[in-house]
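Take a look at the structure below.
Residue numbers (our numbering): 10 to 243.
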C-alpha cells in the first residue's frame with residue numbers, strides 16, 4: 010500500500026466514531042492524523058508514558074499487555090485491522106496503563122488528542138460516538154473477565170476458535186471452517202489467561218477427539234456445532 014496515496018478522510022469515515030461526520034469535518038480530523046508503517050516488534054508506548062493520541066490499526070496486529078513484577082507477560086487485548094485503542098486513557102489525562110507492541114508489520118493511524126477535542130467542542134454528538142466506542146470495549150473486557158471466572162480453559166479455547174459463531178446458549182450452526190491464528194499460539198494463550206503448554210494440550214485434546222485438525226497456525230474445524238458442544242471426559 011502506498012502511504013502517500015492513502016485517503017485518511019475516507020478511511021476515517023469507515024470507523025463508527027467518525028461515520029456520521031461531514032467531509033469538511035473529516036478533513037479537519039485528518040490534519041491531526043499521522044499514518045505510519047511500523048516494523049514488527051516495535052514498542053509503541055509503555056506503561057507510565059503520557060497519552061496524547063489514540064490509534065487505529067489499518068493493517069497488522071497490535072498487542073496490549075502488562076508485565077508482572079516477576080517478568081511474566083499478560084496480553085490484555087489483540088487489536089487487528091479496524092480496531093482502535095487508547096481513547097479512554099487519552100481523555101483521562103493519565104499515563105498509559107498498558108504497553109503496546111506490534112506483532113506484525115503494521116500500518117497504524119494515530120489521531121492526535123487536540124484534533125479530537127476540537128471536534129468535540131464543535132459538535133457534542135462526536136463525543137457521544139466516541140463514548141459508545143469506549144463502552145463497547147469496556148463491555149468486551151467485562152465479558153472476558155466473566156469468561157475467565159466461569160469457564161474452563163477448554164471452554165475458553167473453544168470460544169476463541171468459534172469466535173462470533175456461538176450464540177448466547179453456547180451452540181453453533183453445523184459447518185466446516187478453517188481458523189487461521191493471527192498471532193503466535195503463546196500470545197493467544199496469554200490473551201486467554203492460559204499457559205502456552207496448556208493451550209497446546211487443549212488443541213491436542215480437541216484433535217484427538219477428531220473435532221479439529223491443526224496445521225501450524227491453521228485450525229480446521231470439522232463441525233462447529235460438535236466443537237461448541239464438546240465436554241471433556243464425555
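No residue lacks a Cβ here, since even glycine has one placed at the ideal position from N, Cα and C.
Selected residue, minimal CA-CA separation from residue i, among the options
i: residue 6; options: 27, 237, 21, 20; result: Coverage of the chain is limited to positions 10 through 243, which leaves residue 6 absent and any answer about it impossible.
i: residue 14; options: 34, 31, 45, 37; result: 45
i: residue 219; options: 225, 185, 205; result: 185
i: residue 217; options: 230, 205, 226; result: 230
i: residue 165; options: 48, 121, 131, 197; result: 197
i: residue 124; options: 100, 144, 145; result: 100
i: residue 145; options: 92, 31, 17; result: 92
i: residue 122; options: 43, 88, 213, 194; result: 43
i: residue 82; options: 126, 61, 202; result: 202
i: residue 48; options: 238, 163, 117, 126; result: 117
i: residue 200; options: 50, 86, 212; result: 86
i: residue 102; options: 88, 50, 126; result: 126
i: residue 212; options: 98, 167, 18; result: 167
i: residue 89; options: 55, 115, 23; result: 115
i: residue 236; options: 172, 209, 224, 195; result: 172
i: residue 29; options: 160, 224, 195, 137; result: 137
i: residue 241; options: 195, 161, 234; result: 161
Start and end residues, alpha helix (DSSP H) containing residue i
i: residue 127; result: 122-131
i: residue 2; result: The chain is shown only over 10 to 243; residue 2 falls outside these bounds and no answer can be derived.
i: residue 17; result: 17-21
i: residue 211; result: 205-217
i: residue 47; result: Here residue 47 belongs to no alpha helix (DSSP H); instead the beta strand (DSSP E) covers 42-47.
i: residue 197; result: 194-200
The beta strand (DSSP E) enclosing residue i, as first and last residue numbers
i: residue 87; result: 82-88
i: residue 37; result: Run containing residue 37: none in the beta strand (DSSP E); it sits in the alpha helix (DSSP H), 32-39.
Residues that DSSP places opposite residue i in a beta bridge
i: residue 104; result: 59
i: residue 76; result: 82
i: residue 64; result: 94, 119
i: residue 110; result: 52, 72
i: residue 229; result: 187, 222
Exposure label - residue i; buried when at least 16 CB within 10 Å
i: residue 72; result: buried
i: residue 109; result: buried
i: residue 222; result: exposed
i: residue 80; result: exposed
i: residue 151; result: exposed
i: residue 204; result: exposed
i: residue 111; result: buried
i: residue 38; result: buried
i: residue 52; result: exposed
i: residue 141; result: exposed
i: residue 12; result: exposed
i: residue 257; result: The chain is shown only over 10 to 243; residue 257 falls outside these bounds and no answer can be derived.
Distance cut-off 8 angstroms: residue i Cβ against heavy atoms of the ligand NAD
i: residue 52; result: As far as ligands go, the structure on display features none, and thus does not contain the ligand NAD.
Rounded distance between the beta-carbons of residue j and residue i, thought under 8 angstroms
i: residue 64; j: residue 119; result: 5 angstroms
i: residue 226; j: residue 190; result: 4 angstroms
i: residue 107; j: residue 75; result: 6 angstroms
i: residue 59; j: residue 25; result: That pair is no contact at about 26 angstroms.
i: residue 66; j: residue 20; result: Wrong, their Cβ atoms sit about 11 angstroms apart, outside the cutoff.
i: residue 70; j: residue 192; result: 6 angstroms
i: residue 96; j: residue 139; result: 6 angstroms
i: residue 132; j: residue 183; result: Rounded, the Cβ-Cβ distance is 47 angstroms, inconsistent with contact.
i: residue 34; j: residue 128; result: 6 angstroms
i: residue 31; j: residue 18; result: Not quite, the Cβ-Cβ distance comes to about 10 angstroms (not below 8 angstroms), so this is no contact.
CB contact below 9 angstroms: residue i versus chain C
i: residue 211; result: This model lacks chain C altogether; it includes just one protein chain.
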